[in-house]
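A short write-up of the structure that comes next.
Numbering (the numbering used here), first residue to last: 2 to 63.
Here's what the structure looks like:
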């Protein structure tokens, strides 16, 4: 069994509601934690070994 690490992240209300909608729309409903872990794993798999160019909505970071 792998050791799980816990962390917290803040999201915009719209992002939270979209994630919640995805979780609740599934039959049977999924937990919000499951949906976020799934999305994180998809992101990691897709970008493994790549340099990322990240741009967030409403952010002035470059």
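For each residue, glycine too, the CB sits at the ideal point set by N, CA and C.
Test item: CB-CB of residue i and residue j under 7 Å
| i | j | result |
| --- | --- | --- |
| residue 36 | residue 19 | no |
Neighbourhood of residue i by C-beta, 8 Å cutoff - its chain only, sequence neighbours within 5 removed
| i | result |
| --- | --- |
| residue 21 | 33 |
| residue 14 | none |
| residue 5 | none |
The ligand SAM heavy atom lying under 6 Å from the CB of residue i
| i | result |
| --- | --- |
| residue 2 | Looking for the ligand SAM in the displayed structure turns up nothing, as the structure carries no ligands at all. |
For residue i, the nearest candidate out of the options (CA to CA)
| i | options | result |
| --- | --- | --- |
| residue 16 | 51, 40, 45 and 46 | 40 |
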